[in-house]
Amino acid sequence: MPSGSFDLDLVNRVTAGAVGEAGKRTFYLQMRAGSNLISVTVEKEQLRTLTERLQEVFTRVSVPPAGKLPNMALEEPIRPVWRVGFMTLTYSQEEKRFEVSLVELVEEGAEPATGHFEANLPQMQALAAHAATVISAGRPPCPLCGGPIDHDGGICPRLNGHH
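Residue numbers (the numbering used here): 4 to 166.
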């Protein structure tokens, strides 16, 4: 198993967050299992996709209404073990548990570290609700190209002919 790999059964806590100012934020996914605190760096779009997939699962299965969100702030210290290249999400209807598998983003030919954790339905409901808030706190997307609107003079590729 490459250095930095982890395998967590049911976590005590899972959250997401961003550090930095809008347009320059770094996004994190963070898990706690007992005394183990693991953070990985994710792209905003990866977090958005995870949130959308969770919402899709919630519409397909019988899900009780989400309760009040627990404290979802990232825990210090935030020391990411690596950057996520891709992730998979599965849901077990019988166990009412999610399984998330993560693979490190590495140079071609290098062996990536991997991560795995399980979380229950209320934890993932809280993650989806909180992550949606984290994502929307940044710059709004351009209605033409979908990229973030840059108030510092960035130009939409669809407006300048480079799409």
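Beta carbons are placed, not taken as given, at the ideal position from N, Cα and C, and that holds for glycine. Remember, it's a predicted structure, so these values are computed and weren't measured experimentally.
Handout entry: Per-residue burial, Ile-158 [other beta carbons within 10 Å of its own, 16 or more giving buried]
Key = Residue mapping note: residue 158 aligns to position 155 of the sequence shown, counting from 1. When all chains shown are included, Ile-158 counts as exposed.
Exercise for the section: Starting from Arg-51, trace the alpha helix (DSSP H) both ways and give me its first and last residue. Expected result: Residue mapping note: residue 51 aligns to position 48 of the sequence shown, counting from 1. Note, Arg-51: alpha helix (DSSP H), 47 to 63.
Practice task
Give the C-beta separation of Val-84 and Gly-23 to the nearest angstrom, bearing in mind that I take them to be a contact with Cβ-Cβ under 8 Å.
Solution key: Reading the sequence shown from its first residue, position 81 is the one you call residue 84. Reading the sequence shown from its first residue, position 20 is the one you call residue 23. Contact doesn't hold; Cβ gap of about 19 Å is too wide.
Handout entry: Element boundaries [alpha helix (DSSP H), containing Val-137]
Key = Mapped onto the sequence shown, residue 137 falls at position 134. The continuous alpha helix (DSSP H) containing Val-137 extends over residues 124 to 139.
Practice task
With Arg-16 as the anchor, note down where its beta strand (DSSP E) starts and where it stops.
Solution key: In the sequence shown, residue 16 corresponds to position 13, counting from 1. Segment 16 to 22, the beta strand (DSSP E) holding Arg-16.
Practice task
Check the DSSP bridge columns for Glu-102 and list the partner residues they point to.
Solution key: For the purposes of this step, residue 102 is taken as residue 99 along the sequence shown, with counting starting at 1. Answer is Thr-93 and Glu-121.
Problem - Pair within 7 Å by beta-carbon distance, Ala-134 and Val-17 - result: As a working mapping, residue 134 is identified with position 131 in the sequence shown. As a working mapping, residue 17 is identified with position 14 in the sequence shown. No.
Practice task
Out of Glu-55, Pro-160, Val-106 and Val-109, point me to the one whose CA is closest to Met-127's CA.
Solution key: Along the sequence shown, read from residue 1 onward, the residue named residue 127 stands at position 124. Here the closest residue by C-alpha is Glu-55.
Exercise for the section: Return the Cβ separation of Ala-36 and Val-14 in integer angstroms, given the expectation that the two are a contact with Cβ distance under 8 Å. Expected result: The sequence position of residue 36 within the sequence shown is 33, counting from 1. The sequence position of residue 14 within the sequence shown is 11, counting from 1. Yes, they are in contact, since the Cβ atoms of Ala-36 and Val-14 sit about 5 Å apart, within 8 Å.
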